[in-house]
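K.L.:
Protein chains: 2
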Amino acid sequence: MYLIADWRRTHYSEEVIPEMDGQEVILMGWVHSIRALGKLAFVILRDREGTIQAVVPKQKVDEETFAIAKKLGKEDIIAIRGKVVANEKAPKGFEVIPIEIRVLNKADAPLPLDPSEKVAAEIDTRLDKRFLDIRRPKIQAIFKIRSEMLRSIRKTFADGGFVEVNTPKLVASATEGGTELFPISYFEKEAFLGQSPQLYKQMMMAGGFDKVFEIAQIFRAEEHNTRRHLNEAISIDTEMSFVNEKDAMAMLEKVVYNCYADIEYNRPQEIELLELNWEIPEKTFDKITYTEAIDIANAKGVEIEWGEDLSRAAERAVGDEMGGLYFITEWPTQTRPFYTLPHKHDNKVCKAFDLMYKELEISSGAQRVHKYDLLVENISNMGMNPDSFETYLEAFKFGMPPHAGWGLGADRFAMVLTAQDNIRECVLFPRDRQRLTP
Amino acid sequence: MYLIADWRRTHYSEEVIPEMDGQEVILMGWVHSIRALGKLAFVILRDREGTIQAVVPKQKVDEETFAIAKKLGKEDIIAIRGKVVANEKAPKGFEVIPIEIRVLNKADAPLPLDPSEKVAAEIDTRLDKRFLDIRRPKIQAIFKIRSEMLRSIRKTFADGGFVEVNTPKLVASATEGGTELFPISYFEKEAFLGQSPQLYKQMMMAGGFDKVFEIAQIFRAEEHNTRRHLNEAISIDTEMSFVNEKDAMAMLEKVVYNCYADIEYNRPQEIELLELNWEIPEKTFDKITYTEAIDIANAKGVEIEWGEDLSRAAERAVGDEMGGLYFITEWPTQTRPFYTLPHKHDNKVCKAFDLMYKELEISSGAQRVHKYDLLVENISNMGMNPDSFETYLEAFKFGMPPHAGWGLGADRFAMVLTAQDNIRECVLFPRDRQRLTP
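First to last, the sequence lines map onto chains F and G. Just remember that my numbering sits 1 ahead of the position in the first sequence, which is counted from 1. Just remember that my numbering sits 1 ahead of the position in the second sequence, which is counted from 1.
1) Cα-Cα, which of F:Asp422, F:Gly406, F:Lys345, F:Ala87 is closest to Asp412 (chain F)?
2) Is the beta carbon of Phe1 (chain F) less than 9 Å from the beta carbon of Ile18 (chain F)?
3) Secondary structure at Ser242 (chain G), three-state DSSP: helix, strand or coil?
4) If you drop the 5 nearest sequence neighbours on each side, which residues of the same chain put their C-beta closer than 7 Å to that of Gln435 (chain F)?
5) Run through DSSP, which three-state label would Gln435 (chain G) get?
6) Could you name the residues of the segment 136-166 of chain F whose beta carbon sits closer than 7 Å to any beta carbon of chain G, in the order they occur along the chain?
7) Can the beta-carbon of Lys352 (chain F) be found less than 9 Å from the beta-carbon of Leu361 (chain F)?
8) Does DSSP put Tyr187 (chain G) in a helix, in a strand, or in coil?
9) Ends of the beta strand (DSSP E) at Leu275 (chain F)?
10) Measuring CA to CA, which of F:Cys427, F:Leu171, F:Gln141 is closest to Arg221 (chain G)?
11) Cα separation between Phe430 (chain F) and Glu271 (chain G)?
12) Using only alpha-carbon positions, find the residue among G:Leu231, G:Ile81, G:Gly161, G:Leu151 that is nearest to Asp248 (chain G).
13) Taking a cut of 7 Å between CB atoms, which residues from the segment 101-115 of chain G lie near chain F?
14) Straight-line CA distance for Glu322 (chain F) to Ile297 (chain F)?
15) In this structure, how does DSSP classify Pro269 (chain G) when only helix, strand and coil are distinguished?
16) Can you confirm whether Ile185 (chain F), when its beta carbon is compared against all beta carbons of chain G, has any partner nearer than 9 Å?
17) Measuring straight from C-alpha to C-alpha, what distance separates Ile281 (chain G) and Tyr261 (chain G)?
18) Pick helix, strand or coil for Tyr3 (chain G), following the three-state DSSP scheme.
19) List in chain order: all unbroken beta strand (DSSP E) runs of 3+ residues lying wholly within the segment 397-433 of chain G.
20) Are there 16 or more other CB atoms within 10 angstroms of the CB of Met383 (chain F), so buried, or fewer, so exposed?
21) Leu429 (chain G) CB to nearest chain F CB: under 9 Å?
22) Within the 9 Å Cβ cut-off, does Gly30 (chain F) reach chain G?
23) Could you list which residues in chain F have their beta carbon closer than 9 Å to that of His371 (chain G), in chain order?
24) Out of G:Arg82, G:Val56, G:Pro116, G:Gly83, state which residue places its alpha-carbon closest to the alpha-carbon of Lys71 (chain G).
25) Between Lys212 (chain G) and Met250 (chain G), is the Cβ-Cβ spacing less than 9 Å?
26) Who pairs with Ile45 (chain F) in a beta bridge, going by DSSP?
27) Going straight from the alpha carbon of Glu198 (chain F) to that of Gln199 (chain G), what length do you get?
28) Starting from Leu356 (chain F), follow the beta strand (DSSP E) in both directions and report where the run begins and ends.
29) With DSSP as the reference, label Phe67 (chain G) as helix, strand or coil.
30) Taking only runs of the beta strand (DSSP E) that begin and end inside the segment 78-110 of chain F, which ones reach a length of at least 3 residues, in chain order?
31) Could you name the residues of the segment 39-51 of chain G whose beta carbon sits closer than 9 Å to any beta carbon of chain F, in the order they occur along the chain?
32) Where do the ends of the beta strand (DSSP E) carrying Ala367 (chain G) lie?
33) Mind pulling the chain G residues with CB within less than 7 Å of Ile235 (chain F)?
34) Would you tell me roughly how many angstroms separate the C-alpha atoms of Asn386 (chain F) and Ile380 (chain F), rounded to the nearest one?
35) Could you please give the first and the last residue of the uninterrupted alpha helix (DSSP H) stretch that includes Lys40 (chain F)?
36) Going by CA-CA distance only, name the one from G:Phe188, G:Val256, G:Phe390, G:Thr419 that's closest to His225 (chain F).
Set out below in structure tokens:
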């Protein structure tokens, strides 16, 4: 019973319809449920696309097939070769009468987590048994939408003439100030895991790629323990030359808008299954300045002063007021990394933006500094040593175009799209301070 | 001079044609070359798509524009607003007469590496100054083809109904026997960098995703120093349920074939620029068994016995004989990892395959073991402890379908497509034992 031999699936469960009456099909999947009466067995087979009912009447199938059907257990792996029989009384207007059933693999009982149960277990149990958890159609729907999100985003980039790049995740030194790094021992040397492709994508602008994108892992050794942070995440990064922060924001609007449109078109069943209150956003999003955000927060009783980074309380107050997708622009220069371009007319304010969904920051971007001298000055002013940025800085000396870009958190954007309030729901195998397995 | 303000590029260099005579354009890019005579300056501007000539006659432009043009230096970043003037004697049948030139950033002189020089520097110098190296159109062509390769592969997967997954790169223990791992300190715990998504993609099969793919970094702490190994690489991984190794090979043929077809269609200029001897392969590739490969090697005087992994000498002998793309199938079980399914009729031989291009292995795959008992036995037989595979093994106990898959080395496949003989040519910032920067 261990090879599938000459059998191949002819249809997913959802592809079989009453109009196929009389046709022979081969179905493969899991035993979702089994009900064996005296002379009749009902087997519901589940595959990625749904479930389908096979009816096994003792007098219509051969002896062995009936015996196999009666002995099936929950979550066994089976293949059914059978005939579609239209039947108005059956749930979908047809049933499948098996000609032959093969058991391709058995499942032990009891299951540590039952995919057919209505009530979900605690998230930690579910993540420990993720392979069982993702058999639940609602969980799988999250990852089908996530997959379509990534497909859509790459298509928008490709259609816009962006070149996909792969930048290294093993790096010799900190790429930005502030964020904590994971150290690695790299043969005889010390190395770190990249916390962002920021410096590399900027160097690509000096390299003349004009517009690039990368979707890849980032690693941050922050000791957060929240519902919106992980220590390993997927970042959607882009950088483009000869544009300013407004062009970068327009590209972000396009990427996000297309995602909603593509998911609506390609994943309607998953939207329905997750009971999402789905609405394609406007093609341009609301924009408020940082100063306006501070005013909103203050008006709602949150104590925060101009120049501080937005606290959680401030984000909540502003998210409450704004709802949905909106940009916060014109940030105080002191709140942003050294590579952010300050305004010429007032260098206390810089050309940075965040894209928010309600109280959740999902993307950060800016027009970048492209002048060598200003960059060196900024690095020094922030208390870092320009010497440790040598290979990066060199790229600014020999022809660096003006450029802008952003990073969009894939896991956070997936949270928004699937209306989840814990980032762990949108990551197959999340990594946080406590969790390193499975 | 530091903001691009209201100017935006209207055309890339290659988009301007003589038929646009009289039209105003804005071009942006690098000063590829500058030749200033007494009353005339020739500026060749280079952007991602090519080069374009601007002619600056003193008597036809205003004084400031002529002064700016005369002071331009190699690799300065400029924007030219000008008029297209058809001129049969000009290189492309037209020239651009500037109305205004803006210098957006200056380049220091001398350049540590000159992108306009015909003869390339040594690879190490080039990699040290990668941002200058990739300004050379031939180098950029490699990465444009690589980007199209990735786009094409994902499209083949998406069209085939594969779900894209992201599996973790921070792992608690070795995923396979043998290969060396990079250790990380992960807060209070020890962790490692993933050397392959193998175990995760198999767990996804137990999860019911049916068909998945992932394109992501893999990390191997091997002390190789060759032209075909790196310590950080991009792996194109897939796993599919209810199929055998032959189906997996057919999918690989489709992925590879479509790549050639898509690159031919979408990147003809880069194929020409790299002078590639381009040929779309047949839709199915030659297949020889491991035993036949050994016979070929022996016949060519290479000493190798049945049961050994193919040595470099054997690979060269076989590659010589076979040429192009071909599979080696039916490997001795002892040469493959524990998760490879042995044949039922002869368990010394297993359902594994390699895809080769001449002497270079570019992909490895197999039908996998889906039976818990056999897997535990294999792990023990290979001298490893099944307890350290606990979360992986659990996925085989509760309904694991038969499955098969492969990993295709993105960097190696890019070598094949662009006819490079050093993997470092196809990776923007390669990582090897010596190199951790830039």
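Idealized CB from N, CA, C, for every residue including glycine.
P.N.:
Looking at the coordinates:
1) The candidate whose alpha carbon is nearest that of Asp412 (chain F) is F:Asp422.
2) Given a span of 2 to 439 for chain F in the structure shown, any question on residue 1 (chain F) remains unanswerable.
3) Three-state DSSP puts Ser242 (chain G) in a strand.
4) Once the five neighbours on either side are set aside, Gln435 (chain F) has no close Cβ partner at all.
5) DSSP places Gln435 (chain G) in coil when its eight states are reduced to three.
6) Residues Arg136, Gln141, Phe144, Lys145, Ser148, Leu151, Arg152, Arg155, Ala159, Val164, Glu165, Val166.
7) Result no, Cβ atoms of Lys352 (chain F) and Leu361 (chain F) do not sit closer than 9 Å.
8) Under the three-state reduction of DSSP output, Tyr187 (chain G) falls in the strand class.
9) Neither: Leu275 (chain F) is in no beta strand (DSSP E) and is coded neither H nor E.
10) It is F:Leu171.
11) C-alpha separation (whole angstroms): 39 Å.
12) When each option's Cα is compared against that of Asp248 (chain G), the closest is G:Gly161.
13) Using a CB distance below 7 Å, the part of the segment 101-115 of chain G facing chain F consists of Leu105, Asn106, Ala108, Asp109, Leu112, ordered along the chain.
14) Here the alpha carbons of Ile297 (chain F) and Glu322 (chain F) stand approximately 8 Å from one another.
15) Secondary structure at Pro269 (chain G): helix, using DSSP grouped into helix, strand and coil.
16) Yes, Ile185 (chain F) counts as interfacial toward chain G.
17) Each residue's alpha carbon lies about 6 Å from the other.
18) Summary for Tyr3 (chain G): the model assigns pLDDT 44, below 50, so the residue's position carries little reliability, and this model does not support an answer.
19) Correct list: 404-410.
20) Met383 (chain F) comes out exposed.
21) Chain F, which has a Cβ nearer than 9 Å to the Cβ of Leu429 (chain G), makes this yes.
22) Judged by the 9 Å Cβ criterion, Gly30 (chain F) is in contact with chain G.
23) Near His371 (chain G) (Cβ distances below 9 Å), the residues of chain F are Tyr3, Ile78, Leu105, Asn106.
24) The candidate whose alpha carbon is nearest that of Lys71 (chain G) is G:Val56.
25) For Lys212 (chain G) and Met250 (chain G), no; Cβs fall outside 9 Å.
26) Under DSSP, Ile45 (chain F) shares a beta bridge with F:Ser34, F:Gln54.
27) The question names Glu, but residue 198 (chain F) in the sequence shown is Pro. Cα to Cα, the separation comes out at about 25 Å.
28) It spans 350-358 - the beta strand (DSSP E) in which Leu356 (chain F) sits, taken as one unbroken run.
29) Helix.
30) Counting whole runs of 3 or more residues, the segment 78-110 of chain F contains the beta strand (DSSP E) stretches 78-87, 95-106.
31) Only Arg47, Asp48, Arg49, Glu50 from the segment 39-51 of chain G bring a Cβ to less than 9 Å from some Cβ of chain F.
32) Boundaries of the beta strand (DSSP E) around Ala367 (chain G): 361-368.
33) Neighbours of Ile235 (chain F) on chain G, chain order: Asn167.
34) Taking the Cα positions, Asn386 (chain F) is about 7 Å away from Ile380 (chain F).
35) Unbroken run through Lys40 (chain F): none, as it is neither H nor E.
36) Across the set G:Phe188, G:Val256, G:Phe390, G:Thr419, the C-alpha of G:Phe188 shows the shortest separation from the C-alpha of His225 (chain F).
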